[in-house]
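In the numbering used here, the protein residues as written are 785 to 1077. Just so it is clear, CB atoms sit at the ideal spot from N, CA and C, and this is done for glycine as well. These notes concern the structure reproduced below.
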Ligand SMILES: Cc1ncc(C[n+]2csc(CCOP(=O)(O)OP(=O)(O)O)c2C)c(N)n1
C-alpha cells in the first residue's frame, strides 16, 4: 500500500471510530441503558477491523474465504452493531431498536437474530477464544485463507476458559487467530488490579506460545498497522495484541470510570456526550435526533 493510501486509510479509520462513538451514545440513550464504557474504548478496534483490515462482504456472508470476528465481550455490542450497520449488514435505522423487545439488536449479540454477521452469540465471558480456535481449525481444514479475530476485555482475561483456549491455539499452531485484548484497567466492579491481577500479561501470553504486540488502542494508525501486520505475518504462532484503551474514551465524564461499564444514560447526558465527541464527519448522523429521555 502506498504511503498516501495508508494515510487515507488511517484517517478514515479515525473518522469511522468517531462515528461509532456517536452511534454508541445514541443507541444506548435511545434504549435508556447499556454498556457505553468498554464500547467507546473499543471504537478504533471495530473501525479498523470492519473499515479496512478484514476481508468481509456484507452482500456475500457465505463466502468461505472471508475473515471472521468474534466479540467475546458481548456486552460492548453497541460498538459492533454500529460497525455492522455502517458497513451495510443492516440498515442504520435499525440502530434505533437497540435493546428493544423483538429487535435483532439485543443487549448481547445473538446469532439467531443476525446470522449474516454474528458468528456466535456472546455475553457469558470467556468463550470467544475457544470459538475462534474452532473457526481457525475449520479454515485450515478447508484450505481457506480466513483470518479469525477475537476481541476480549481485560477483566474477561480472568476467566479460566480463556487460558485453556490460549494453550489450545498454541498447541495447534493456529497462526490464523488474532486475539485482541482491550486493556482499560477496569471492569464491572472496579480496578482489574484490585479484583484479580492479570499482569504481567504480555509475558504470560508469550510463555503460552503466542506472539505479542502492545499498542495504544486509540492510535488509529497503530491499530490498522498492527492488525495488517498480524494478517500478513509468517509467524507460526497465534497472535495477541494488547490494546491500551480508556473506559469511556471521548466522553470526559465517563473516561476511566468503572461506573460507566454499564448503566443508564439520560437524554441530558447523551447530549453532553455528543457535544464532547464533536460533530459527525463521515456519515449522516440522524440518530442524534432520536435520543429520548
Ligand atoms: C462468565 C461471566 N461472568 C460474569 C459476567 C458478568 N460481567 C459482565 S461484564 C463483566 C466485567 C468484564 O470486564 P471487562 O472485560 O474488563 O469489560 P469492561 O468493563 O472493560 O467493559 C462481568 C464480570 C459475565 N457476563 N459472564
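Does ligand 1 have even one heavy atom less than 7 Å from the beta-carbon of residue i?
i            : result
residue 908  : yes
residue 940  : yes
residue 890  : no
residue 970  : yes
residue 809  : no
residue 993  : no
residue 1031 : yes
residue 819  : yes
residue 829  : no
residue 822  : yes
residue 937  : yes
residue 1040 : no
residue 955  : no
residue 948  : no
residue 897  : no
residue 804  : no
residue 859  : yes
residue 1045 : yes
residue 943  : yes
In this structure, what does DSSP give as the bridge partners for residue i?
i            : result
residue 936  : 965
residue 974  : 971
residue 995  : 1023
residue 852  : 932
residue 1000 : 1028
DSSP on residue i, reduced to helix/strand/coil?
i            : result
residue 904  : coil
residue 817  : strand
residue 1077 : Low per-residue confidence applies at residue 1077: pLDDT is 48, beneath 50, and the placement is therefore not dependable, though the value from the model is reported in the following sentence. Looking at residue 1077 - three-state DSSP - the assignment turns out to be coil, as it is neither helix nor strand.
residue 951  : helix
residue 859  : helix
residue 980  : helix
residue 785  : coil
residue 798  : helix
residue 894  : coil
residue 909  : coil
residue 884  : coil
residue 844  : coil
residue 839  : coil
residue 959  : coil
residue 877  : helix
residue 926  : coil
residue 943  : coil
residue 985  : helix
residue 889  : coil
residue 872  : coil
residue 1005 : helix
residue 831  : helix
residue 823  : helix
residue 806  : helix
>> If we require 4 or more residues per run, which alpha helix (DSSP H) segments fall completely within the stretch 1008-1066?
In response: 1051-1061
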